[in-house]
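Numbering (numbering that gives the first Met the number 0), first residue to last: 0 to 208. We treat Cβ as the ideally placed atom computed from N, Cα and C, and that holds for glycine.
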Amino acid sequence: MSIDQKIKLLIESSTNQRKTEKYIKSYHFLFVKIEEMIKESKNLTIAIDGYSSSGKTTLAHYIENIFDANVFHMDDYFKSLKQDQTSTEFASNIDFDRLKKEIIKPLLKQEPIFYQSFDCKTQELSSLLKKEVKSVNIIEGAYSTHPLIEEIYDFKIFLKIGKIKQMIRIKKRNGLKKLKIFLNRWIPAEHAYFNHYSIEKTADIVIKV
Numbered sequence: 000m001s002i003d004q005k006i007k008l009l010i011e012s013s014t015n016q017r018k019t020e021k022y023i024k025s026y027h028f029l030f031v032k033i034e035e036m037i038k039e040s041k042n043l044t045i046a047i048d049g050y051s052s053s054g055k056t057t058l059a060h061y062i063e064n065i066f067d068a069n070v071f072h073m074d075d076y077f078k079s080l081k082q083d084q085t086s087t088e089f090a091s092n093i094d095f096d097r098l099k100k101e102i103i104k105p106l107l108k109q110e111p112i113f114y115q116s117f118d119c120k121t122q123e124l125s126s127l128l129k130k131e132v133k134s135v136n137i138i139e140g141a142y143s144t145h146p147l148i149e150e151i152y153d154f155k156i157f158l159k160i161g162k163i164k165q166m167i168r169i170k171k172r173n174g175l176k177k178l179k180i181f182l183n184r185w186i187p188a189e190h191a192y193f194n195h196y197s198i199e200k201t202a203d204i205v206i207k208v
């Protein structure tokens, strides 16, 4: 099935066809690029890093549906408040040891993946989940292209968003109180990480939304 046929089926199955069609039109060039890479390589591991509220999860969702991909979220690898959050520079809130054990190593070995999701509200891990490795596997979220794990990727996507648009999205999604936390803590931390490791410059493609 061609990429355009896959996209047509996705649009037809959508509950909001106009919105889906508009989104896909904006990223059609990227989907074509991924299709070309799949033809050249048996297995493809993609990272989607970038600014808060730039649409990383949404893009991963579309790639997942078009290409029957696996998606793994960096949010599931937040450290709980009980864990030490000072060990890793620029990503002290990420449990890279668990990420490597549960996702990175199985992907490299092409073995079944057993992992746990993380609930930020309860600060608890889920019961064990299982996924088989697919031809396309995505890790999305801030810090997904950190040097500690970047060697696994075949294709690195970086999403940018303007400050005003970003603030509007965060306020709508998280509320005014959380927006202030993002502005004072999380966004500065992310930009320190982007700048220190030249994350945008080392991406294979940069998209401003």
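Range covered by the beta strand (DSSP E) that runs through residue i
i, result
"H72", "69 to 72"
"K100", "Per DSSP, K100 belongs to no beta strand (DSSP E) and is neither H nor E."
Separation of residue j from residue i, as counted between CA atoms
i, j, result
"L107", "I137", "13 Å"
"R17", "Q122", "37 Å"
"S53", "K100", "28 Å"
"S25", "D96", "36 Å"
"E63", "L9", "11 Å"
"E34", "I6", "12 Å"
"K133", "K207", "28 Å"
"S125", "C119", "11 Å"
"T87", "K170", "Residue placement at T87 is poorly supported in this model, since its pLDDT is 49, which falls under 50; the coordinates still yield a value, given next. Those two C-alpha atoms are separated by around 29 Å."
"L158", "I103", "22 Å"
"E139", "V70", "7 Å"
"M0", "S91", "43 Å"
Residue environment, residue i, which counts as buried when at least 16 other CB atoms sit within 10 Å
i, result
"A46", "buried"
"M73", "buried"
"Q109", "exposed"
"T14", "exposed"
"I180", "exposed"
Residue(s) in a DSSP beta bridge with residue i
i, result
"A46", "I138, K155"
"I93", "F77"
"E207", "The question names Glu, yet the displayed sequence has Lys at residue 207. Paired residues: K159."
Extent of the continuous alpha helix (DSSP H) to which residue i belongs
i, result
"K5", "2 to 12"
"L128", "Note, L128: premise wrong, no alpha helix (DSSP H); beta strand (DSSP E) at 128 to 130."
"Y22", "16 to 39"
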